[in-house]
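Visitor: There's a structure below that I have some questions on.
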RNA sequence: GCCGACAUAGCUCAGGGGUAGAGCAACUGAUUCGUAAUCAGUAGGUCCUCGGUUCAAUUCCGAGUGUCGGCACCA
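Numbering (my numbering), first residue to last: 82 to 725.
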């Protein structure tokens, strides 16, 4: 006699066990049509499942957030059926919903290509139109393994084999097709709807392990309705226009070429942007109590051996030798920490010097795998806004809190109001004892609690010497990039023999906090370009103002205006070409110049300027000195502005 | 590194077994103009590299390099 409590608090009684379908119908025909699945005591299950006991039930309809995930999951199943019907012999593996869509990994000798997608998608639409119900079946574990093995589906068999023995094995049938699946599903393939699209193909290792076979992955997107799908596709198209590689070329910021693969050639405007950010960071860090240093590019392998990097990363290091000294092997530094420890180790350190925050805009080289390179976001030559904080164990919390505050303020100034934080704990391959890791992880967790940092756990992804916080920013098309980081390290000070004299007169090991805010300038600037789509706020813009005369009679005055702005430290260009003002306005607008100062005879006579802002077609006519003062104030970096 | 796609003028791209085109940019000349393209003309290409097939390859095939989308990697 289950009593079913609905979200509005009302209770319905049934004579015996009932399915969700029955309950929904009992409530009303509208809900019976709309209900796709239900939550029984908070657990999402098939609508067709039987409710035995008293329960709180919520129905999931198309407009609920859970529905979107189910649509994507079910679309993946439809994809798998379509593929197996068109390409017999293809094995299915896994096909989860993901952000904005889904994918499915198939095992097939011949990988799928883009040309295969239209036929597959057409077959999918037939399957959806057929609207076969999703039927849940509970199987005996061994029967299920035997079943899939008999069908040549060895990946599915392997999946079942690896499920915990306590797990209920469920298969879902949709018409003729059947698949191992935990569920839940919607009522039938028709609930998928038509708002889906196959997007791309890619290789992907079985179980994400490069030692395994490479599977053929098909990505797709799926939405509640055509309107949502269209909006998403339009967003993707617009995001492509923000691509830092495209904008970098269009705005003449940088280029890359084959002869220096993975290294950036910064052009004058790009380098100005870089220097603006660098100068800002330098001021911020100095105000934050950091001491800037500079350490060598080429360092003997002995130091890398001592730090442990040689063993783990030597295949990713650029090695340099000279004929005159055949016994010497140098490496271009792939990171700065061992060098910073060398500075720490000069002389005898006192506990009074801690925490010591040692910063370097460290130029590093890493031989990244060719497939990892990506515009200026993932390169082989980059500059970190690196720092190492040498401190005592009980300073970890305070330093972390302080770091998070600095990072948040900087991200905010640079246009990132929100960001994600991941907590990565001990990896399988690591240095240091478990006791040390326990200590480091606990210290970092305590610090997060103290700093009020909310994080998602990223198990096993820590550095080999310690756990880390990763501060993640998103690029234009939604890819996540680690930028900031904070890593607790008990190992390297030990390996490199760092010590200080404590209050007790004895020698102690300092803890090292590795930290970066931007991560690498290259990556961060790439994201910054995409964030603003090249339309930088005035203080960051590489060309802040273009002064454009309307007639050549105003050229001298235009130069005077430019000089007045330059005297305030602004980056100003003049456009004295014999072109119509329309053409000048158009060109500089397309080049994302934030302010165009137009001067004609009228302005020259009255000593005024007509300011036109990027993205606006209005103009503001101001007296020259007023305009200069206003623009100079606006172009002041946020950390140098007078407090409001 | 692995899977797939792509590589044509400075840029964006079209084309195609018989020696290559557009728009924009560049250059020259004219135009002095009030807020998103003034007009006319000129010039510009080992069609990524190497090899093969062919009477003939930029086009077809193979290898290499690079780029792009993923996967793996990311101290």
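Using N, Cα and C, we set each Cβ at its ideal position, and we do this for glycine too.
These figures come from a predicted structure and were not determined experimentally.
Take residue 682 and list the residues in its own chain whose beta-carbon comes closer than 8 Å to its own, dropping the five residues that flank it on each side.
Guide: Answer for residue 682: 631, 632, 634 and 635, listed in chain order.
Visitor: Given a cut-off of 8 Å on the beta-carbon distance, is the pair residue 393 and residue 545 in contact?
Guide: The answer is yes: Cβ separation under 8 Å.
Visitor: Which residues mark the beginning and the end of the beta strand (DSSP E) in which residue 472 is found?
Guide: Counting along the chain, the beta strand (DSSP E) containing residue 472 begins and ends at 462-472.
Visitor: DSSP puts residue 539 in a beta bridge; with which residues?
Guide: Residue 539 is bridged to 505.
Visitor: Per the DSSP calculation, residue 401 is bridged to which residue(s)?
Guide: Note: residue 401 sits in a beta bridge opposite 411.
Visitor: By the three-class DSSP mapping on this structure, what secondary structure does residue 129 have?
Guide: Note: residue 129 maps to coil in three-state DSSP.
Visitor: For residue 134 versus residue 494, is the C-beta distance shorter than 8 Å?
Guide: Not closer than 8 Å, so no.
Visitor: According to DSSP, residue 565 sits in a beta bridge with which residue or residues?
Guide: Per DSSP, 552.
Visitor: With DSSP as the reference, label residue 313 as helix, strand or coil.
Guide: Three-state result, residue 313: helix.
Visitor: Considering only their Cβ atoms, is the gap separating residue 164 from residue 171 smaller than 8 Å?
Guide: A contact, by the Cβ cut-off of 8 Å.
Visitor: Given a cut-off of 8 Å, decide if residue 577 and residue 675 are closer than it, judged by their beta-carbon atoms.
Guide: Contact: no.
Visitor: Please report the Cβ distance between residue 690 and residue 642, rounded to the nearest whole angstrom; I am assuming they are in contact, meaning their Cβ atoms lie under 8 Å.
Guide: Their Cβ separation, rounded to whole angstroms, is 6 Å, which keeps residue 690 and residue 642 in contact under 8 Å.
Visitor: In angstroms with no decimal places, state the Cα-to-Cα distance between residue 400 and residue 444.
Guide: Rounded to whole angstroms, residue 400 to residue 444 spans 15 Å at the Cα level.
Visitor: Do you know offhand how far residue 334's Cα is from residue 661's?
Guide: The straight-line gap from Cα to Cα measures roughly 26 Å.
Visitor: Residue 205 lies in the alpha helix (DSSP H); which residues open and close that run?
Guide: From DSSP, the alpha helix (DSSP H) with residue 205 extends over 198-211.
Visitor: For the putative contact between residue 303 and residue 152, defined by C-beta atoms under 8 Å, what is the C-beta separation to the nearest angstrom?
Guide: At roughly 5 Å, the Cβ-Cβ gap stays under 8 Å, so residue 303 and residue 152 are in contact.
Visitor: Between residue 378 and the rest of its own chain, which residues show a CB-CB distance below 7 Å, the 5 nearest in sequence each way excluded?
Guide: Excluding residues within five positions, the ones whose Cβ falls inside 7 Å are 413, 414 and 444.
Visitor: Determine the direct distance from the alpha carbon of residue 574 to that of residue 437, and round the result to whole angstroms.
Guide: Taking the straight line joining both Cα atoms gives about 14 Å.
Visitor: How far does the beta strand (DSSP E) with residue 260 in it reach, from first residue to last?
Guide: First-last of the beta strand (DSSP E) with residue 260: 258-261.
Visitor: Among 497, 620, 598 and 239, whose alpha-carbon lies nearest the alpha-carbon of residue 611?
Guide: Of the candidates 497, 620, 598 and 239, the one whose C-alpha sits nearest the C-alpha of residue 611 is 497.
Visitor: In whole angstroms, what separates the C-alpha of residue 509 from that of residue 448?
Guide: The straight-line gap from Cα to Cα measures roughly 23 Å.
Visitor: Determine contact between the segment 139-150 and the segment 196-206, defined as no fewer than three beta-carbon pairs at a distance below 8 Å.
Guide: Result no; under three Cβ-Cβ pairs closer than 8 Å.
Visitor: Measuring only the C-alpha atoms, how far is residue 264 from residue 127?
Guide: Using only the alpha carbons, I get a separation of about 8 Å.
Visitor: DSSP three-state label for residue 269, please.
Guide: Residue state, collapsed to three classes: strand.
Visitor: Write down the C-beta distance between residue 504 and residue 539 rounded to the nearest angstrom, noting that I regard them as a contact closer than 8 Å.
Guide: Contact holds; Cβ gap of about 6 Å.
Visitor: What distance in whole Å lies between the Cβ atoms of residue 358 and residue 602, which are believed to be in contact at a cut-off of 8 Å?
Guide: Confirmed, Cβ separation roughly 7 Å.
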